[in-house]
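Numbering (my numbering), first residue to last: 200 to 747.
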């Protein structure tokens, strides 16, 4: 960990907030941190206030974090670019081919690309990244990338600009997954380091438009642009050096303080504001953004090994007992959308399964009665003397999670559930709450992915999948759909299978959607323009400019 410059510091002691939010005065102590603008609007410095910076900077272990992913998106590049609609386009890989069975892929790399340590981003570097994305180095505490295809066999450097990638089985999702936020390209010199050294962000070398100038754990990360950068993705309309000189990510835990700093002009972006504030902030002239990422909706993966959720009727009652429109009306704003499946509606391959998600408390009560759960005088249902209990663990990666849990607890309480809510911080949640955990009947999902074809494998335990519903290999229908989707040779042949999978998962009550997810909420100064949101809803300031 290094800190080569004194950076802005925000705390309660340095924040003077009046009774009116609009009149907030924020005092920021800075040294060597001034904003300068050129005549054409380029240059300058921005400050992005964020609610967490995670607990490690090992690239494989942190690149998929909703917080650290912001930094990696500016420090590291990807082989391909994926936009908000799931469209894949060239980046470091200029073109690619695949064989008829989707088991072999050839990537042709852009020439002249270098990591910030001077190493060439060539075919051998790409092979090193593919290998560690797939396998990690578990003995050294370096994880594989969760959604990287488990069917990966190996990759070969054919020449300096050509990589051939081999899979054990058809893997249509490989190409889109190269644009996933975990698939960041890191210098082989960094990858060869022990985990403890990889965790020092100042020693990590990517090929992105910015490099780390200074950082302090649990406090800030300051990025400065690479003046020799000349290989941005054509899809964003710019390929040369970034316009902004520096980007500083600063940890400020309280949402109100982050927003107040932007309102007072002492910061440029506040991350994860309260949804209820957005309309008034828009009216004040601030830019707000609620991009949806490609991935799963916000909802629960149900642990089918825990009673009573081993009973399909109880799971179906849970599906029918949630009033999803009330969640949007109460917790969110019209910027949020109803879930229509267990994957977001902007994902290629998503289909509308709204009928299976209709609010029907009468149906829920009937299903529970059929399953032997009778309502007592206190309104709680019991069976064999045991109450109908649901323990929820609010996901700290979603700022509104606990509010949604509290509303759903009221809805389910009317049907006869006794709902307990537990809330942890990011680190504790990661330690205590796991898919299929012995005390976790419902794991709250906030998870992105790029290609719908990767979904079926992670839901089960095939090919080291994540076994979300603790089914192992017990559900033959799900296993058959998984295998057919995995072996599909084209997106067209895969479409009806994905539709069938979505119907089946929802009808069985394996996944209980809540709403389509907006996990990343941005409030931004009107002086800052030109940011771009990619397929996983991260804001890139590579193309942004700031005016006086």
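Positions of the beta carbon are idealized from the N, C-alpha and C atoms, including for glycine.
Quick one: using the 10 Å Cβ neighbour count with 16 as the cut-off for buried, is residue i buried or exposed?
i	result
residue 259	buried
residue 265	buried
residue 540	buried
residue 695	exposed
residue 424	buried
residue 643	buried
residue 231	Low confidence applies here, because residue 231 scores a pLDDT of 34, under 50, leaving its location unreliable and the question unanswered by this model.
residue 211	Residue confidence is low: residue 211 scores 38 on pLDDT, short of 50, so the model does not pin down where it sits. No coordinate-derived value is stated.
residue 599	buried
residue 676	exposed
residue 300	exposed
residue 476	buried
residue 427	exposed
residue 573	exposed
residue 217	Legend: pLDDT at residue 217 = 32, less than 50; position of this residue unreliable, value from coordinates given subsequently. Residue 217 comes out exposed.
residue 626	exposed
residue 396	exposed
residue 548	buried
Beta-carbon within less than 7 Å of residue i's beta-carbon, same chain only, minus the 5 sequence neighbours each way: which residues are those?
i	result
residue 275	383, 384, 385, 405, 406, 407
residue 559	519
residue 656	349, 662, 664, 681, 685
residue 419	206, 447, 448, 449, 450
residue 409	273, 274, 422, 423, 424, 425, 441, 446
How far does the alpha helix (DSSP H) with residue i in it extend, from its first residue to its last?
i	result
residue 373	373-376
residue 280	Segment 279-281 is the beta strand (DSSP E) holding residue 280; no alpha helix (DSSP H) there.
residue 562	560-569
residue 657	654-658
residue 701	690-706
residue 681	675-686
residue 514	511-519
residue 628	625-631
Opposite residue i in the DSSP bridges: which residues?
i	result
residue 497	714
residue 297	304
residue 445	244, 423
residue 358	361
residue 289	279
residue 266	BP columns for residue 266 are empty, so no partner.
residue 617	588
residue 470	721
residue 405	385
residue 319	313
residue 553	In the DSSP output, where bridge partners are listed per residue, residue 553 has none listed.
residue 574	580
residue 762	A query on residue 762 cannot be resolved here, the shown segment of the chain reaching from 200 to 747 and no further.
residue 366	351
residue 336	341
residue 647	494
Keeping to the same chain, check which residues put their C-beta closer than 6 Å to that of residue i; ignore five residues upstream and five downstream.
i	result
residue 323	356
residue 271	262, 383
residue 534	489
residue 618	589, 608, 611
residue 529	606
residue 562	519
residue 654	none
residue 342	259, 260, 335
Which two residues bound the contiguous beta strand (DSSP E) that contains residue i?
i	result
residue 454	Premise fails: residue 454 lies in the alpha helix (DSSP H), 454-462, not in any beta strand (DSSP E).
residue 532	Looking at the DSSP string, residue 532 is not in any beta strand (DSSP E), and its letter there is neither H nor E.
residue 246	244-249
residue 412	409-415
residue 592	588-593
residue 486	486-488
residue 721	721-723
residue 582	580-582
residue 644	641-644
Whose C-beta lies closer than 8 Å to the C-beta of residue i among residues of the same chain, with five residues either side of it excluded?
i	result
residue 711	498, 499, 501, 514, 517, 518, 521, 641
residue 293	307, 308, 309
residue 579	586, 587, 615, 616, 617
residue 236	Annotation note: pLDDT 42 at residue 236 (below 50); position unreliable, coordinate value reported separately. Cβ neighbours of residue 236 beyond the five flanking positions: 242, 243, 745, 746, 747.
Residue i and residue j: beta carbons closer than 8 Å?
i	j	result
residue 389	residue 403	yes
residue 344	residue 285	no
residue 485	residue 718	no
residue 531	residue 714	yes
residue 466	residue 472	no
residue 743	residue 726	no
residue 391	residue 288	no
residue 596	residue 645	yes
residue 351	residue 379	no
residue 647	residue 431	no
residue 492	residue 734	yes
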